[in-house]
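To start, the structure under review is shown below, and the notes come after it.
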Amino acid sequence: MKILGMILSLLLCTNLFAGSADISAFAFSLERAVGLNRHQLEEIGSKIRIKYSTRMNSNAAATYNPLFNLITFNPEVSIEDMGVKRVRTLSELEKTLGPSYWVHASTIFHEFAHAELDTIISKPATNADQAIRNVLFNQIKPWLAKNFPKFRSQSAMHELYAYYHDDVIETYYNDIGDIYLMNGWNTYNKRCFAGPQVKQKFKELSQDDFKNFFVPESPKAKIPYRDRIKIQFVYVNGKDFDISTIKNDPFKMEWFHAIYDYLEYAYSPVSDMAELTQLLRDRSPDRKALAECREKLWITLSQTAL
Numbered sequence: 008m009k010i011l012g013m014i015l016s017l018l019l020c021t022n023l024f025a026g027s028a029d030i031s032a033f034a035f036s037l038e039r040a041v042g043l044n045r046h047q048l049e050e051i052g053s054k055i056r057i058k059y060s061t062r063m064n065s066n067a068a069a070t071y072n073p074l075f076n077l078i079t080f081n082p083e084v085s086i087e088d089m090g091v092k093r094v095r096t097l098s099e100l101e102k103t104l105g106p107s108y109w110v111h112a113s114t115i116f117h118e119f120a121h122a123e124l125d126t127i128i129s130k131p132a133t134n135a136d137q138a139i140r141n142v143l144f145n146q147i148k149p150w151l152a153k154n155f156p157k158f159r160s161q162s163a164m165h166e167l168y169a170y171y172h173d174d175v176i177e178t179y180y181n182d183i184g185d186i187y188l189m190n191g192w193n194t195y196n197k198r199c200f201a202g203p204q205v206k207q208k209f210k211e212l213s214q215d216d217f218k219n220f221f222v223p224e225s226p227k228a229k230i231p232y233r234d235r236i237k238i239q240f241v242y243v244n245g246k247d248f249d250i251s252t253i254k255n256d257p258f259k260m261e262w263f264h265a266i267y268d269y270l271e272y273a274y275s276p277v278s279d280m281a282e283l284t285q286l287l288r289d290r291s292p293d294r295k296a297l298a299e300c301r302e303k304l305w306i307t308l309s310q311t312a313l
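In terms of the numbering used here, the sequence shown opens at residue 8 and continues consecutively.
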């Protein structure tokens, strides 16, 4: 058995790399795009192994193996940089995959959430680590075992935690799309248009303020992400269950809050749509083009108003 273990270890180490360097460029681009602090992803990366494989049994961007703390990446999300492979940045993913790049980004974040649970939360070093561990293992896991006995509670808990992180990225992406739309900005042809909110802001703002991204005026824009982000379906080994179906013993909102609170501790995320809009004002690669387009639009709307 010892010899077999040594052989497995040698095979595992072949073509594997410590993950911090592999994920750094992606983590930095995610921080720039949606404000998630890159250091947690880099910390997780330093505790796991990463592999790039052309023979994955899945079409997903990445998969996680808990036995070896190993994330295997699909080749299309990787790039060779100065002779060394790494995970593509968001802009590199977009160039390669088109609009679906955010799906791949959320999958990567999902798999790193699995690794975070195994390498950091399961071995708590801080009060925050211990707090979320208590919620996951002592409250959520027993609830899953009781209400969904056909699924292994450990696997179900793992997937629930990871799919929550999926939803974080998807929520940001959808909100960015709404912010662009309400701001009359077409991300594909890089042109602005005078939608209803843009015309209203023209009446309310100075010419200088009119150049910037506006905070969308919608009900969800005023709700903190802590209250907005929650999941309904969890997939385990190709089968799913719906946590909202348990009416007599419902999944507690405070558990979602606990997961978000740990996300806040680890990643320092934007708190709501207003903060996400401010981030786009400061960092969006389209901000200069929007300002130039809005200058022309100001002239057009001014002439129309005469």
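Ideal Cβ positions, reconstructed from N, Cα and C, are used throughout, including at glycine.
1. Assuming contact is defined by CB atoms lying nearer than 8 Å, are A120 and I55 in contact in what I supplied?
2. I need the DSSP call for S60, collapsed to helix, strand or coil.
3. Determine the DSSP secondary structure at Y179, reduced to helix, strand or coil.
4. Assign S36 to buried or exposed, taking buried as 16 or more other Cβ atoms, counted over all protein chains shown, within 10 Å of its Cβ.
5. Are the Cβ atoms of I78 and F116 separated by less than 8 Å?
6. State the beta-bridge partners of A69 as determined by DSSP.
7. Under a Cβ-count criterion, where at least 16 other Cβ atoms within 10 Å of its own Cβ denotes burial, should T133 be classed as buried or exposed?
8. Quick one: grab the DSSP three-state call for K295.
9. Thinking just about the alpha-carbon of each residue, which of D289, I266 and F217 is nearest to the one in K303?
10. Assuming the contact rule is C-beta atoms closer than 8 Å, E83 and L97 should be a hit. Round their C-beta distance to whole Å, please.
11. Terminal residues of the continuous beta strand (DSSP E) containing V94?
12. Apart from the five residues just before and just after F200, which ones in its own chain have a Cβ nearer than 6 Å to its Cβ?
13. Just the C-alpha distance for V222 and D185, rounded to the nearest angstrom, thanks.
14. Tell me which residues share the same chain as Q239 and place their Cβ nearer than 8 Å to its Cβ, disregarding the 5 neighbours each side in the sequence.
15. What is the DSSP secondary structure of D249, counted as helix, strand or coil?
16. Return the chain-ordered list of same chain residues with a C-beta closer than 6 Å to the C-beta of K148, the five sequence neighbours on each side being excluded.
17. Of all the options A69, K227 and V241, which has the alpha carbon lying nearest to the alpha carbon of R235?
18. Out of curiosity, what's the CA-to-CA distance linking A28 and I266?
19. If you draw a straight line from the alpha carbon of H111 to that of A40, how long is it in whole angstroms?
20. Could you say which of I183, A69, E224 and R93 lies nearest to V277 if we only look at CA atoms?
21. Return the CA-CA distance between F155 and F258, expressed in angstroms with no decimal places.
22. What are the partner residues of F240, as DSSP defines its beta bridges?
The relevant details are as follows:
1. In this structure, I55 does not lie closer than 8 Å to A120 by Cβ.
2. For S60, the three-state secondary structure derived from DSSP is coil.
3. Correct three-state label for Y179: helix.
4. Label assigned to S36: buried.
5. No.
6. According to DSSP, which records beta bridges pairwise, A69 is partnered with F80.
7. Flag for T133 reads exposed.
8. K295 sits in a helix when the DSSP states are folded into three classes.
9. Cα-wise, what sits closest to K303 is F217.
10. Going by Cβ atoms, the distance from E83 to L97 rounds to 14 Å, so no, they are not a contact pair.
11. Counted as a single uninterrupted DSSP element, the beta strand (DSSP E) harbouring V94 occupies residues V91 to V94.
12. If we look at F200 and ignore the five residues flanking it on each side, its Cβ neighbours are G191.
13. Approximately 10 Å between the Cα atoms of the pair.
14. For Q239, the CB contacts under 8 Å within the same chain, skipping 5 residues up- and downstream, are D249, I250 and S251 in chain order.
15. If DSSP states are grouped into helix, strand and coil, D249 belongs with the strands.
16. Within the same chain, S160 and M164 come within 6 Å of K148 by CB-CB distance, once the 5 residues on both sides are set aside.
17. Nearest C-alpha to R235: K227.
18. Each residue's CA atom was taken as its position, placing A28 and I266 some 27 Å apart.
19. Rounded to whole angstroms, H111 to A40 spans 15 Å at the Cα level.
20. Of the listed residues, the one whose Cα sits closest to V277 is I183.
21. Taking the straight line from one Cα to the other gives about 12 Å.
22. In the DSSP output, where bridge partners are listed per residue, F240 has D249.
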